[in-house]
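Just so we're aligned: the sequence shown equals residues 307 to 632 in my numbering.
All C-beta atoms, glycine included, are put in the ideal place defined by N, C-alpha and C.
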Amino acid sequence: MTLHTRFTERFGVEHPIVSAPMDLVSTAELATAVSRAGGLGLIGGGYGDEEWLSRELGAAAGTRVGCGFITWSIDAGLLDIALSHEPAAIFLSFGDAGPYVEQIHRAGVPLICQVHDLAQVDEALRIGADAVCVQGGEAGGHGKGTRSTFTLVPEAADLIAAERPEVLLLAAGGIANGRSVAAALALGADGVVAGTRFWATRQAAVTRGAHARALAVNGDSTRRTSVYDIVRGKTWPPVYTSRVLANDFVVRWHGHETELVGNLDAARAEFSHAVEADDVDLANMIVGEAVGQVHAIEDAGDVVRSMAAQAESILIGAPRERPPGT
Ligand SMILES: Cc1cc2nc3c(=O)[nH]c(=O)nc-3n(C[C@H](O)[C@H](O)[C@H](O)COP(=O)(O)O)c2cc1C
């Protein structure tokens, strides 16, 4: 028994579960583990490091995976590199995907646009996205943070049904286990995109210190902030902030961004040293509220299978003793 949705049919996968394209964290190892377990794994093209991208796409050859990018930071040449590997999907977030639609469709590749509010859903429908991924503010990493998954998904489902019913809807933000997969499908999604839950797997490119900290904190422990964008010199459009662990660095600088800019050299040195030393009190640990539902660092394929089985037991009513957790 498996959950069949429009997403599983259209993308030819067993489970309606996608691993997010987390910049540098979502390697070929992670994406292929997810795809081999019946989900759809996405490689994290992020800001577009060509060498990294070519290596990871090459390493994934033979397994159907997709690739995601931070739209405001890419160009058509980078996209061509990804398209030459015949990805299962291109996933674009944060910025105007319009200039790339024709190039992606010419290559016969489906486009998934990740968006954060209804105005952006409308825009994704207008430019011709094949699937729209709506991300609530509980998500790890960047986003607008103005809407929650629980209200955005059903409103987006209704909007898509009214305007372009053939377009698929994916839900992202706070999806950590079968309970949240079932909830997202019940709210009208055709599938889910999970980041934090796959960050917390053995195949993710994440340090030991960060994984250990994830097991020690709960969903109260994160905050949306721009302090790490400032210290890393990433010029994000101001509407986007990033949800990260609220560690000592965030507590010190969040709300004091002008002072941070004034102390940038010292803060950068401290940050770089912390990254090298795997000191997650100071280095950025990008996780969403779903970190509170991570209780073990598991195999990514097992995560796909257990999420799917739990969602199936809730939605299809297979025998179970109690609603399963993680
Ligand atoms: C460590 C990390 C890095 C991320 N990097 C990216 C990225 O490079 N591009 C992108 O589109 N989304 C990125 N995201 C956001 C995801 O696409 C997705 O929206 C989010 O992880 C979903 O929420 P969740 O973390 O609660 O599952 C990242 C998320 C995390 C946790």
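Here L521 is exposed, its C-beta having fewer than 16 other C-beta atoms within 10 Å. Minimum Cα-Cα distance from N569 among the listed residues T541, A552 and V537 corresponds to V537. For G352, the shortest C-beta to heavy atom distance toward ligand 1 is below 7 angstroms. Scanning the segment 337 to 391 for uninterrupted alpha helix (DSSP H) segments of 4 residues or longer gives 356 to 365 and 382 to 389, listed from N- to C-terminal end.
About 6 angstroms separates the beta carbon of I349 from that of L363, a gap short enough to meet the 8 angstroms contact definition.
Within its own chain, the residues whose Cβ lies closer than 8 angstroms to the Cβ of A488, once the five positions on either side in sequence are excluded, are Q616, A617, I620 and L621, listed in chain order. Per DSSP, the unbroken alpha helix (DSSP H) holding S486 starts and ends at G484 to A492. Distances between the C-beta of H448 and the heavy atoms of ligand 1 include at least one below 7 angstroms. In the structure shown, A435 falls within a coil segment according to DSSP collapsed to helix, strand and coil.
The beta carbon of D329 sits closer than 7 angstroms to at least one heavy atom of ligand 1. Judged by DSSP in its simplified three-state form, R412 adopts helix. Counting of Cβ neighbours within 10 angstroms places E582 among the exposed residues, the total staying below 16. In the three-state scheme derived from DSSP, where H, G and I count as helix and E and B as strand, L588 is classed as coil. One Cα belongs to W505, the other to A467, and the distance between them is close to 32 angstroms.
Taking non-hydrogen atoms of ligand 1 into account, the C-beta of Q420 is found less than 7 angstroms away from one of them. Between T547 and G480 the beta-carbon gap is near 16 angstroms, outside 8 angstroms, which marks them as no contact. The Cβ atoms of Q599 and A482 sit closer than 8 angstroms to each other. G447 is bridged by DSSP to R549.
A buried status is given to N553, since no fewer than 16 other beta-carbon atoms sit within 10 Å of its beta-carbon.
G372 sits close to L346, with the two beta carbons spaced by under 8 angstroms.
Assigned with DSSP and collapsed to three states, R574 falls in helix. The residue among W358, D436 and H321 with its C-alpha nearest the C-alpha of G344 is H321. Per the coordinates, the alpha-carbon of V609 lies some 10 angstroms from the alpha-carbon of G484. By the C-beta density criterion, D526 is exposed, having fewer than 16 other C-beta atoms within 10 angstroms. In this structure, ligand 1 has a non-hydrogen atom nearer than 7 angstroms to the beta-carbon of G480. If you draw a straight line from the Cα of E461 to the Cα of D571, it comes to about 45 angstroms. Contact between E356 and I387 is confirmed by a C-beta separation of about 6 angstroms, below the 8 angstroms threshold. Counting the other Cβ atoms within 10 Å of the Cβ of N590 gives 16 or more, which makes it buried. Residue range I396 to S399 is occupied by the beta strand (DSSP E) that includes F397.
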